[in-house]
Amino acid sequence: MPTSSTLTPENAKRFEINRLRAKARQRRQEEEAASSSSSVTNANQKRPLGGMSAGSSSSASKPLKRDSRLGSYFDYDLSKMVNSKGGFLVEDGKEVDADLRARERERERERAMQNVEPAMYLDPSLNPRCKECNTLNIDYTFKKIFGYLVCNKCKDQCPEKYSLLTKTECKEDYLLTDAELRDRELLPHLLKANPHKSTFANMMLFLRCQVEEFAWKKWGSPEALDVEWQRRTEEKKKKKNKKFEDGLKELRKRTREGVWQRRMD
142 MPTSSTLTPE NAKRFEINRL RAKARQRRQE EEAASSSSSV TNANQKRPLG
192 GMSAGSSSSA SKPLKRDSRL GSYFDYDLSK MVNSKGGFLV EDGKEVDADL
242 RARERERERE RAMQNVEPAM YLDPSLNPRC KECNTLNIDY TFKKIFGYLV
292 CNKCKDQCPE KYSLLTKTEC KEDYLLTDAE LRDRELLPHL LKANPHKSTF
342 ANMMLFLRCQ VEEFAWKKWG SPEALDVEWQ RRTEEKKKKK NKKFEDGLKE
392 LRKRTREGVW QRRMD
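In our numbering, the protein residues as written are 142 to 406.
Here is the structure:
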């Protein structure tokens with residue numbers, strides 16, 4: 142090859158053209174290799190772990206060694222993960238519990254059915270009015286579920302009549318049973334989403350005045366209900382004390398047996 146001192150302008154021009162052509166050819170080959178490797182995707186439109194380009198370092202193809210200082214952990218291939226839209230990821234082939242979703246959709250449908258409001262009449266005299274303030278802005282959910290014509294303002298002003306009670310409050314304060322609370326003819330109830338978890342059973346809410354009316358009829362009077370509540374409270378306290386005393390006796394017995402066994406040894 143001639144030296145730079147003996148190069149003619151024609152030779153220098155030809156060398157520069159060949160160098161540019163070689164660089165363009167090399168760049169085109171790298172782009173084709175990258176496009177071919179990126180086009181290989183799985184069903185989730187993600188590149189698999191092994192789909193690395195040829196231009197990457199050779200160490201990337203080798204799996205990383207576990208670091209003993211990190212303790213025990215699990216390796217997951219994120220390219221095989223599916224977003225279940227439920228707040229978590231599942232792997233391919235592992236479907237979300239269909240029965241769980243079906244129950245959740247059924248509870249949503251039940252809550253939606255009870256919140257449907259009827260149409261208003263053009264004649265004001267035909268529309269229902271609040272029994273407390275005679276306004277037209279009544280709560281149609283209360284009318285449909287409990288059969289009471291009351292507006293939101295009167296509900297807030299009269300909590301002793303129109304406040305809502307949970308199933309647990311009805312059982313503990315008014316001593317009602319599960320069978321009585323499940324009977325819609327005896328005690329209508331409003332369904333609300335469970336605040337603890339959406340997949341749990343819907344929360345049942347009861348109107349206070351209806352619960353008190355049924356409880357007075359069942360126990361005879363508010364005084365009789367108080368007497369029965371006091372009797373059950375004292376009975377629970379006696380059972381709790383008896384259970385504590387029985388456990389204490391058993392502990393003393395085991396202690397004596399352990400001392401006697403140690404003396405024998």
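Don't be surprised by glycine CBs; every beta carbon is placed ideally from N, CA and C.
Buried versus exposed, by CB contacts within 10 Å (16 or more), residue i
i: S197; result: Any reading at S197 must be qualified, since the residue scores a pLDDT of 49, below 50, and its modelled position is unreliable; the value itself is stated next. So S197 ends up on the exposed side.
i: V291; result: buried
i: S213; result: exposed
i: F345; result: Note on identity: in this sequence residue 345 is Met, with Phe being the wrong assignment. Classification for M345: buried.
i: K407; result: The requested residue 407 does not occur in the structure, where the chain is confined to residues 142 to 406.
i: A356; result: buried
i: C274; result: exposed
i: I286; result: buried
i: R404; result: exposed
i: Q402; result: exposed
i: L317; result: buried
i: I158; result: exposed
i: Y289; result: buried
i: Y262; result: exposed
i: D280; result: buried
Cβ distance (whole Å) where residue i is taken to contact residue j below 8 Å
i: L331; j: Q255; result: 7 Å
i: F347; j: L305; result: 7 Å
i: M252; j: N335; result: A quick correction: the sequence has Arg, not Met, at residue 252. With 8 Å as the limit, R252 and N335 do not qualify as a contact, their Cβ atoms being about 11 Å apart.
i: K284; j: P300; result: Actually they do not touch by this definition, with Cβ atoms about 19 Å apart.
i: V368; j: Y315; result: Wrong, their Cβ atoms sit about 14 Å apart, outside the cutoff.
i: K308; j: L322; result: 6 Å
i: R349; j: K302; result: 6 Å
Closer than 7 Å: residue i CB and nearest the ligand ZN heavy atom
i: E172; result: With respect to small molecules bound, the structure shown includes none, and the ligand ZN cannot be examined in it.
Unbroken beta strand (DSSP E) run spanning residue i, endpoints
i: T318; result: First-last for T318: undefined, no H or E at that position.
i: T307; result: 305-307
i: L211; result: Neither: L211 is in no beta strand (DSSP E) and is coded neither H nor E.
Continuous alpha helix (DSSP H) stretch holding residue i: start and end
i: F287; result: F287 -> no alpha helix (DSSP H), and no H or E assigned at all.
i: T396; result: 363-405
i: L241; result: 239-255
i: C131; result: Outside the shown range of the chain (142 to 406) lies residue 131, about which nothing can therefore be said.
Residue i - DSSP class collapsed to helix/strand/coil
i: F347; result: strand
i: L161; result: helix
i: L332; result: strand
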